[in-house]
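A.B. asks: Note that the working numbering has the sequence shown beginning at 39, numbered continuously upward. Glycine included, each C-beta is placed from N, C-alpha and C at the ideal position.
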Amino acid sequence: MAETDFPGWHGTTIIGVRKGDKVVIAGDGQVSLGQTVIKGTARKVRRLSPGGFDVVAGFAGSTADAFTLLERLEKKLEATPGQLARASVELAKDWRTDKYLQKLEAMLIVTDGKELLVITGAGDVLEPEHDVAAIGSGGNFALAAARGLMESDLDAEGVARKAMAIAADICVYTNGNLTVEEISK
């Protein structure tokens, strides 16, 4: 198979929802190669505790690349304890300017319970509007569903779970095997 014929890895949906005093990050478990599901129970949401401050992170994209970025984020958080936005900006600057990091293909959603941020390889650190962020193959489906559910009586976890269920019904690269992590302000 020629390099250009490689169908590519797909399959992840990660959502972050802030509602009330809680923030939830949820991720599905699907990893696909082309049209084939390779794994349905991958864990793409992690809890980090650098310097004794809890942070929850979810990733979409290459797993090895995402773990490299999570390790870098942990180091930035150890250098700036309790300052998620500052650590995220420092990571984004490195990601944008370092020749090794520039090749990494992943995106992150991170939260410390106060801030909810999306970090991209383009050097972006985005605080989403409407207290919802989503990335990955089914991210737009989950985002639209969650935005519609924010006015409901559901709490942050309920919104995230329902939005992910809707995305899984629509996106072939998203499944219903969820990992959910909650953090409070």
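#1: Under three-state DSSP, which class holds Phe91?
#2: Quick check on Met188: does DSSP put it in helix, strand or coil?
#3: In terms of residues, what are the limits of the alpha helix (DSSP H) holding Leu115?
#4: In whole angstroms, what is the alpha-carbon distance linking Gly120 and Gly78?
#5: Mapping the DSSP letters down to three states, classify Thr50 as helix, strand or coil.
#6: Would Pro88 pass as a contact of Leu129 if the rule is Cβ separation under 8 Å?
#7: By the DSSP assignment, the beta strand (DSSP E) with Lys60 in it spans what residues?
C.D. replies: Working from what's here:
#1: Residue numbering aside, residue 91 sits at position 53 when the sequence shown is read from its first letter. In this structure, Phe91 counts as coil in the three-state DSSP scheme.
#2: Along the sequence shown, one-based indexing puts residue 188 at 150. The three-state secondary structure of Met188, taken from DSSP, is coil.
#3: On the sequence shown, residue 115 is found 77 positions in, with the first residue counted as 1. Leu115 -> alpha helix (DSSP H) spans Thr101 to Ala117.
#4: Within the sequence shown, residue 120 is the residue found at index 82, counting from 1. Within the sequence shown, residue 78 is the residue found at index 40, counting from 1. In this structure, the CA atom of Gly120 is about 34 Å from the CA atom of Gly78.
#5: The residue labelled residue 50 in the question sits at position 12 within the sequence shown. In the structure shown, Thr50 sits in coil (DSSP, three-state: anything other than H, G, I, E or B).
#6: By 1-based counting over the sequence shown, the position of residue 88 is 50. By 1-based counting over the sequence shown, the position of residue 129 is 91. In this structure, Leu129 does not lie closer than 8 Å to Pro88 by Cβ.
#7: Taking the first residue of the sequence shown as 1, we reach residue 60 at position 22. DSSP places Lys60 in the uninterrupted beta strand (DSSP E) bounded by Lys60 to Gly65.
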